[in-house]
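Participant:
There are 2 protein chains.
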Amino acid sequence: MRFYLAVILAASFQFSVAQTAEINTKDDAAMIKEIFDTALTGGKAHDWLRFLSLQIGGRLSGSVEAEQAVNYTKTELEKLGLDRVYLQPVMVPKWVRGAPEFAYIETTPGVTTTVPITALGGSIATASMGLKAEVVEVKSLDELEQLGRSVIEGKIVFYNRPMEPTLINTFAAYGGCVDQRYSGAEVAAKFGAVGVIVRSMNLRVDDFPHTGAMSYGDLPLDQRIPAAAISTKGAELLSATLSLNKQTQFYFKQNSRNFPDVKSYNVIGEIKGSLYPNEIMVVGGHLDSWDLGDGSHDDGAGVVQSMDVLSLFKKIGYRPKRTIRVVLFMNEENGLRGGNEYARVALAEGENHVFALESDSGGFTPRGFMFDTDQETFEQIKAWSNYFYPYLSDRFQLGGSGADIGPLKPQGLILAGLKPDSQRYFDHHHSDNDRFEHVNKRELELGAAAMTSLIYLMDNYLPQTN
Amino acid sequence: MRFYLAVILAASFQFSVAQTAEINTKDDAAMIKEIFDTALTGGKAHDWLRFLSLQIGGRLSGSVEAEQAVNYTKTELEKLGLDRVYLQPVMVPKWVRGAPEFAYIETTPGVTTTVPITALGGSIATASMGLKAEVVEVKSLDELEQLGRSVIEGKIVFYNRPMEPTLINTFAAYGGCVDQRYSGAEVAAKFGAVGVIVRSMNLRVDDFPHTGAMSYGDLPLDQRIPAAAISTKGAELLSATLSLNKQTQFYFKQNSRNFPDVKSYNVIGEIKGSLYPNEIMVVGGHLDSWDLGDGSHDDGAGVVQSMDVLSLFKKIGYRPKRTIRVVLFMNEENGLRGGNEYARVALAEGENHVFALESDSGGFTPRGFMFDTDQETFEQIKAWSNYFYPYLSDRFQLGGSGADIGPLKPQGLILAGLKPDSQRYFDHHHSDNDRFEHVNKRELELGAAAMTSLIYLMDNYLPQTN
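Quick note, the sequences are listed as chains A and B, same order. Reminder that position 114 of the first sequence reads as 114 in the working numbering, one-by-one numbering, no gaps. With the second sequence counted from 1, adding 1000 to any position gets you the working numbering.
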């Protein structure tokens, strides 16, 4: 029944939400309940995550662990009896942290306090003896430019603008700070700084330094300076020390290094659509993670939730009308090569992608979804939020989706992202504190169920496009 | 301006929501933003909880720790510059766990596996040598009655009905199981059982046994039997063992004991209302906890959030029109004596309570509130949920409030309870896993801010009653 309706409505290129609501509400609500019940009683996400996190661990692009994760998830997808499981080759950057970093604050010669730091992803090493210099604390890239070369030259620049605690969406607070981490070294180097220390992107004050991607932009190799993140507690200590003594020196040592690109893979599995096999819906997360911790929230959670979407459809015996493809993207963290390659191949092969959903905001209790589409389409989708009300995941917002699916956008599809509760996310993100024990099984499963339900609705109510 | 409006509208005994919406929306939204901003930047809840949890710890009624908690919170309330801080005496039960419990499964004589158990609150001890008997596993009190005395007599009854994982509200799953814990021993004793083991009220399968209140009803002293909870993993093991070997024996030993009632206190602090000092709004949680863990979520969180309501009003310079009273109730867990005494005194003194709000569902990210009132009043209150939308705590439901404020209900006021996300709650509840490290500072503060905002709205829009 839904089939015929879909075909008829396709002519108008409108979602069939309103018209079909009366006919299908009961079916759909019952199907969504079955999806949630199945996820909460027979979901595989948590078991997969246990292996990925505890048996493999952090999976930085180009590492042995990333390779292990490719093989493990491919094998697990093959067990699901999908129509096709394959690897999509992609060249990825290989950055290696090397020996543990070491840093201290020196108020007067010989009086030192060790503080936790971590090299930023992509940073060069310090000299082998380390780097020691006076420190200039700033709150922004702008402030640095105002101070100018005379103040900055020969110093270590300490970026210390904290995440804004009054923002309820902690991703907005992250977005408001991350320029310090990403571009801090590039800008500081232009004013003659010799190194960069960035306050970790963390709303808590604790001892975990948080790494993350940085870029030297177009700086020549010989002008690049080493950059590291300091724990928030270390940042508070350094700032307090500087306020007492401007001559305070900071020492740090790291031997991180960039190697030539290496070959890796996106892992892909799909169930062929029964009616519109050429219309492809993607669900995914990124398989790589940083090397600190085990990457359980970022983005092990998104990987196993995406895998569980296909597993749950199999379990409840739902045969999708459109092709559903799980894509485990490689190298979101420091290059987005997997996402770019997937989009490039899709375009080159003339594939027709109609929807893509990413989970890359942690495995916490789901609150809803974000959609990257036009206002009119969003309003139609938003009508479905009622289906998610019983599962407390009915907050649908316009704007945002996921980094890995972003490159598909020019192909004219609807993009979406799962929105879990964000309060705890930056306690873990990119740090040694991103660990399996901090993922709650039920929260993870509720996210997988919400994703499966959204894909189910898209499968049934998207207008047919060819 | 709000003052005059409130007086005028009071005549109709209706909330002034609709009429005042146009006038006050901007003021109220701004005030609520100020409340949230202040909670997230200068809230005291997390610091108070750190002391309560890490310096005092589990605070079972009648214990030294409960006494310490009374003194600590009274002292902290006094520092806030309230109009009145006082202790309300109340006699409470004193049950003492004694030496750590010990239990094992014995499949054949001498072949034993130790399993984690904890005496239920109120349970008697086993004989000093412990208790060993064959086991009858049941899934419900009804099943026990169907089996009858011939099967039960001389055995240990093992109640093993798990919490229902498909219920999104985990408190509903708890409600569907807790009869086993509360009444299991009373019913089993009537059929001649010699002891009771109850599967812990926990949705996870782990090694933590969860205690909680139980009752022998009107069983004479000499017919009472010892009762303990077994960890969920222990329960799975015991059940699997029994399915292989019905002659499996279970051994447990505990020396918990009831003592005569002792004197304790509700801790009360208040800000006198500027316009209607005789109209009292209560905000509270319970100061006692179980003796396992440190009681951070149950209900340290509710205690410090309630204290922060008054602190936040002080901080932003808001002078309430009605009297706001924080009440830290003693003995919610095994007697509700504090809640009952508070209500008794309120009635005896002819006090006029118009609203009471409790936080006793954990310190997790707030989702909204539950209200115990009539449908019409609820609909008016629900219009305020828009104010909570930006803070993701706008889920208002009719039904439910809090145990400690329940006894006030006959006095005809509106009751409410904070509704945090419930997915993780029973990982911690009543177990050694209820610890400070599992409370997230921001989530705790968001709850305190939501509570403060609701009280602010009640203060301004409740109809005046005398």
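Where a beta carbon is used, it is the ideal one built from N, C-alpha and C, also for glycine.
For residue 30/A, count neighbouring C-beta atoms within 10 Å of its own C-beta (all shown protein chains included) and say buried if the count is 16 or more, exposed if not.
Facilitator: Exposed is the call here.
Participant: Thinking C-beta only, is residue 325/A closer than 9 Å to residue 414/A?
Facilitator: No, Cβ-Cβ distance for residue 414/A and residue 325/A is not below 9 Å.
Participant: Do the stretch 79-87 of chain A and the stretch 237-246 of chain A touch if we need at least three Cβ pairs shorter than 8 Å?
Facilitator: No, the stretch 79-87 of chain A is not in contact with the stretch 237-246 of chain A.
Participant: Would you mind stating whether residue 440/A and residue 1424/B have Cβ atoms separated by less than 9 Å?
Facilitator: A contact, by the Cβ cut-off of 9 Å.
Participant: Please list the segments of the alpha helix (DSSP H) lying wholly inside the stretch 245-327 of chain A, counting only runs of 4 or more residues, in order along the chain.
Facilitator: Counting only runs of 4 or more, we get 301-316.
Participant: How about residue 1248/B: is its C-beta nearer than 9 Å to some C-beta of chain A?
Facilitator: It does not: the Cβ of residue 1248/B has no partner Cβ on chain A nearer than 9 Å.
Participant: Does the CB of residue 1371/B have a neighbour CB from chain A at under 9 Å?
Facilitator: By this cut-off, residue 1371/B is not an interface position.
Participant: Specify the secondary structure class of residue 462/A as computed by DSSP and reduced to three states.
Facilitator: In the structure shown, residue 462/A sits in coil (DSSP, three-state: anything other than H, G, I, E or B).
Participant: Taking the straight line between their C-alpha atoms, what separation do you get for residue 1276/B and residue 1270/B?
Facilitator: Their Cα atoms are separated by approximately 14 Å.
Participant: Is DSSP giving residue 416/A helix, strand or coil here?
Facilitator: Note: residue 416/A maps to strand in three-state DSSP.
Participant: Can you pull the chain A residues whose beta carbon is under 7 Å from the beta carbon of residue 1161/B, in chain order?
Facilitator: Here the premise fails: no neighbours, minimum Cβ distance about 15 Å.
Participant: Could you work out which residue in 178/A, 330/A, 365/A, 157/A is closest to residue 212/A when comparing CA atoms only?
Facilitator: When only C-alpha atoms are compared, the closest one is 178/A.
Participant: What first and last residue would you give for the beta strand (DSSP E) that runs through residue 1108/B?
Facilitator: Residues 1102-1108.
Participant: If contacts are defined as beta-carbon pairs under 8 Å, then residue 1097/B and residue 1264/B qualify, I think. What distance do you get, rounded to the angstrom?
Facilitator: With 8 Å as the limit, residue 1097/B and residue 1264/B do not qualify as a contact, their Cβ atoms being about 18 Å apart.
Participant: Would you kindly work out how many angstroms separate the C-alpha atoms of residue 91/A and residue 67/A, rounded to a whole number?
Facilitator: In a straight line, the C-alpha of residue 91/A is about 13 Å away from that of residue 67/A.
Participant: Closer than 9 Å, CB to CB, is residue 423/A near chain B or not?
Facilitator: Taking Cβ atoms only, chain B reaches closer than 9 Å to residue 423/A, which makes this a yes.
Participant: Decide if residue 79/A is buried, meaning its Cβ has at least 16 other Cβ atoms within 10 Å, or exposed.
Facilitator: Burial call: exposed.
Participant: Can you check which of these residues, 385/A, 209/A, 27/A, is closest to residue 291/A by C-alpha distance?
Facilitator: Measuring from the Cα of residue 291/A, the nearest candidate turns out to be 209/A.
Participant: Output needed for residue 403/A: all residues of its chain with C-beta closer than 7 Å, excluding positions within five of it in sequence on either side, in chain order.
Facilitator: 332, 336, 339, 360, listed in sequence order.
Participant: Does residue 1454/B get closer than 9 Å to chain A when you measure Cβ to Cβ?
Facilitator: No, no contact with chain A.
Participant: Do you know how far the Cα of residue 122/A is from the Cα of residue 406/A?
Facilitator: Taking the straight line from one Cα to the other gives about 22 Å.
Participant: Please identify, using Cβ separations under 8 Å, the residues of the stretch 1365-1395 of chain B that lie next to chain A, in order along the chain.
Facilitator: So the list reads 1365, 1367, 1390, 1391, 1392, 1395, given in the order they occur along the chain.
Participant: Can you find a CB in chain A that lies within less than 9 Å of the CB of residue 1427/B?
Facilitator: Yes, because at least one Cβ of chain A sits closer than 9 Å to the Cβ of residue 1427/B.
Participant: Contact criterion: CB-CB distance below 9 Å. Does residue 443/A meet it with respect to chain B?
Facilitator: Yes, its Cβ sits closer than 9 Å to a Cβ of chain B.
Participant: Looking at chain B, is there any beta carbon in it that lies within less than 9 Å of the beta carbon of residue 168/A?
Facilitator: Judged by the 9 Å Cβ criterion, residue 168/A is in contact with chain B.
Participant: Name, please, each residue of chain B whose Cβ falls closer than 9 Å to the Cβ of residue 36/A.
Facilitator: Those within 9 Å of residue 36/A in chain B are 1166, 1168.
Participant: Please identify the residue among 1463/B, 1465/B, 1464/B, 1456/B whose C-alpha is closest to the C-alpha of residue 1027/B.
Facilitator: Comparing Cα positions, the closest option is 1456/B.
Participant: When the Cα of residue 1033/B is compared with those of 1427/B, 1430/B, 1316/B, which residue comes out closest?
Facilitator: With distances taken between Cα atoms, residue 1033/B lies closest to 1316/B.
Participant: What residue range is occupied by the uninterrupted alpha helix (DSSP H) comprising residue 1048/B?
Facilitator: Start and end: 1045-1050.
Participant: What is the C-beta distance between residue 1252/B and residue 1153/B, in whole angstroms, given that I count them as a contact (C-beta under 8 Å)?
Facilitator: Not confirmed; about 19 Å, so no contact.
Participant: According to a CB-to-CB cut-off of less than 8 Å, which residues of the stretch 1035-1061 of chain B neighbour chain A?
Facilitator: The residues in question are 1036, 1037, 1040, 1041.
Participant: Could you name the residues of chain B that residue 433/A contacts, counting a contact when the two beta carbons are closer than 7 Å?
Facilitator: By Cβ distance, chain B contributes nothing, its closest Cβ being about 11 Å from residue 433/A, past 7 Å.
Participant: Does the CB of residue 448/A have a neighbour CB from chain B at under 9 Å?
Facilitator: With 9 Å as the cut-off, residue 448/A does not count as an interface residue toward chain B.
Participant: Are the stretch 43-60 of chain A and the stretch 297-317 of chain A in contact at 8 Å, needing three or more beta carbon pairs?
Facilitator: Enough Cβ pairs lie closer than 8 Å, so yes.
Participant: Please state the DSSP three-state secondary structure of residue 429/A.
Facilitator: In the structure shown, residue 429/A sits in coil (DSSP, three-state: anything other than H, G, I, E or B).
Participant: At 7 Å on the CB atoms, spell out the chain A contacts of residue 1203/B, in chain order.
Facilitator: Within 7 Å Cβ-Cβ: 442.
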